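Number of protein chains: 2
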Amino acid sequence: MNKYKGYLIDLDGTMYRGTERIDAGQRLVERLNAAGIPYIFVTNNSSRRPDQVAEKLRDMGINALEENVMTTSMATAKYIKKTYGDAAVYVIGEEGLREAVEAEGLSLSEEEADVVVMGIDRKITYEKLAKACLFVRSGAAFLSTNGDKAIPTERGMLPGNGSLTAVVQVSTGQDPLFIGKPEAVIMEQALQALGTDKKETLMIGDNYDTDILAGIRAGLDTLMVFTGVSTREELAEKGNQPVWKADSLDEWSVEKGEVQRD
Amino acid sequence: MNKYKGYLIDLDGTMYRGTERIDAGQRLVERLNAAGIPYIFVTNNSSRRPDQVAEKLRDMGINALEENVMTTSMATAKYIKKTYGDAAVYVIGEEGLREAVEAEGLSLSEEEADVVVMGIDRKITYEKLAKACLFVRSGAAFLSTNGDKAIPTERGMLPGNGSLTAVVQVSTGQDPLFIGKPEAVIMEQALQALGTDKKETLMIGDNYDTDILAGIRAGLDTLMVFTGVSTREELAEKGNQPVWKADSLDEWSVEKGEVQRD
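Protein sequence lines correspond, in order, to chains A and B. All residue numbers for the first sequence refer to this note's numbering, where the first residue is 366 and numbers rise by one. All residue numbers for the second sequence refer to this note's numbering, where the first residue is 366 and numbers rise by one.
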């Protein structure tokens, strides 16, 4: 019997670093497939569509279909649909967010907005930010796909969506509802899509402040892997600790549901 | 004998609202000229050159030359020159800031930076913000012309430089040194240019959180006029109060240095 019946798995720092595959991640997914255990990749990257994310994983030799992916854009769009019905949505963001909003049958609007949503937008302009501020000041709900302050790139740490969102947040004095990890909304959506009970689901990730906190807050057991952002030293200073820690996902036994070292 | 020997005067909300002159402001400047009292207009608007600001005032029939103007861009550039010498400066901002930096003999640089300075930039791009983050993370000093969170326009309150600056501030975790009102730097520069002793200088403005706080912090007597942003009701909730309050600058006696009502 496998201890955990479902897995939620982070991508960057856990399955790959940028364009480089983390081999132990790929091998874990193979073991999950062999055991017939369902898994969903949960990502705060709002810029790409789920089919693009799955394709990137397959190109790396990692078994993934569109239904194995939950992006923060998908979670945001589903949340809007559920909470606000057929709202007019003003979007700052890239393809992944726009298409997710449209996929839920919501209307994108530049002229009026019941909801303003911000995702990473590398074509950000003052006019886009100005419109968002005007809509939020007029009473539109204010959402943001994720609060990541910086994103790692070959050039160094560049502005993340959390820092772009700060423009509207600071200017209007309104705090947005963040959807992505470590917040609750994306985890609820991912659990629902996975279909397993939270008591039997494991959250795996490399970033304490997003992945592990998200798992802890959602009531999941967590496995932290030191192949990405957070180090053992940083982890030691945190309050709530993950249930499991590993230097590599090769240490994880799918069957026993525990870290094993040779 | 005139009680105050020099005046520092705010512009928007005090001398004009947008493109509309506040007549009582113009009449005060006439009385200062008749009495031979020096004055400098102190503005947090970094986007225009001082000669452009003076021209706008003259077009409104208000007596102003370039030497009667201290913009936050000028104060920023002078501060950089004094503090960092011949630094390489990476500028996000509009014409007023770029020209002020060049006017101090500093070199604008896109490739390396000892100092990063941000002013309002309505042609902001992700790449500009990315570069600022990389330079600040590499150890460049981080300055911002002013912390205004929103700017009033015909369309409503649009993002001010303080909210654009928040992108780099949040992303890097580094707080900038703000130069404009209510901070000390612009007031020191304006007092130096005016040449009067702070004990004999009056600061006039409509915005408690910028103009009046700047005056109080700089050790000046302050005159608050209710023709712009702040109301008497808002003022009542503030700790440090201005020395003088007026509904119109027509109430101000230049000779007696006090508010007079008929």
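Just so you know, even glycine gets a beta-carbon here, dropped at the ideal spot from N, CA and C. It should be emphasised that the depicted structure is a prediction, and the values quoted were computed from it without experimental measurement.
Determine the contact status of residue i and residue j, defining contact as a CB-CB distance below 8 Å.
i: B:Met439; j: B:Pro415; result: yes
i: A:Ile379; j: A:Gly584; result: Before going further, note that residue 379 of chain A is Thr rather than Ile in the sequence given. No; because the gap between Cβ atoms is not below 8 Å, this pair is not in contact.
i: A:Ile544; j: A:Leu508; result: yes
i: A:Thr566; j: A:Tyr369; result: yes
i: B:Thr587; j: B:Val619; result: no
i: B:Asp574; j: B:Val590; result: no
i: B:Ala505; j: B:Asp540; result: no
i: A:Ala531; j: B:Ala531; result: yes
i: A:Leu529; j: A:Met483; result: yes
i: B:Val501; j: B:Val466; result: no
i: B:Arg310; j: B:Thr436; result: Chain B is shown from 366 up to 627; residue 310 of chain B falls before or after that span and cannot be answered.
i: B:Leu393; j: B:Leu556; result: no
i: B:Gly622; j: B:Asn367; result: yes
i: A:Ile425; j: A:Arg386; result: For the record, residue 425 of chain A in the displayed sequence is Met; it is not Ile. Closer than 8 Å, so yes.
i: A:Ala453; j: A:Glu477; result: yes
What is the C-beta distance between residue i and residue j, in whole angstroms, given that I count them as a contact (C-beta under 8 Å)?
i: A:Val535; j: B:Gly458; result: In fact, because the Cβ distance is near 18 Å, the residues do not count as touching under 8 Å.
i: A:Leu376; j: A:Ile405; result: Not confirmed; about 11 Å, so no contact.
i: B:Tyr455; j: B:Glu475; result: 7 Å
i: A:Ala429; j: A:Ala468; result: No, A:Ala429 and A:Ala468 are not in contact; Cβ-Cβ is about 19 Å, not under 8 Å.
i: B:Asn511; j: B:Asn433; result: So it is not a contact: roughly 20 Å between Cβ atoms.
i: B:Lys546; j: B:Ala579; result: 4 Å
i: B:Ala558; j: B:Arg582; result: In fact, because the Cβ distance is near 18 Å, the residues do not count as touching under 8 Å.
i: A:Cys498; j: B:Pro524; result: 6 Å
i: A:Asp451; j: A:Leu471; result: 7 Å
i: B:Ile489; j: A:Tyr444; result: Not confirmed; about 29 Å, so no contact.
i: B:Leu462; j: B:Ser411; result: 5 Å
i: A:Thr561; j: A:Gly371; result: 3 Å
Assign residue i to one of three DSSP states: helix, strand, or coil.
i: B:Pro524; result: strand
i: A:Gly484; result: coil
i: B:Pro415; result: helix
i: A:Ser474; result: coil
i: B:Ile551; result: helix
i: A:Gly461; result: helix
i: A:Ala531; result: helix
i: A:Asp562; result: coil
i: B:Glu620; result: coil
i: B:Arg626; result: coil
i: B:Asp540; result: coil
i: A:Gly570; result: strand
i: B:Asp586; result: strand
i: B:Gly371; result: strand
i: A:Leu614; result: helix
i: A:Glu469; result: coil
i: A:Leu600; result: helix
i: B:Leu397; result: helix
i: B:Leu499; result: helix
What does DSSP give as the partner residue(s) for residue i in the beta ladder?
i: A:Leu578; result: Bridge partners of A:Leu578: none, in fact.
i: A:Ile516; result: A:Leu523
i: B:Val454; result: B:Leu473 and B:Val480
i: A:Glu385; result: A:Arg382
i: B:Ala506; result: B:Val480
i: A:Val407; result: A:Met435
Note down, one range per segment and in chain order, each alpha helix (DSSP H) of at least 4 residues found wholly within the stretch 418-451 of chain A. Listed in chain order, the complete alpha helix (DSSP H) runs (minimum 4 residues) inside the stretch 418-451 of chain A are 437-449.
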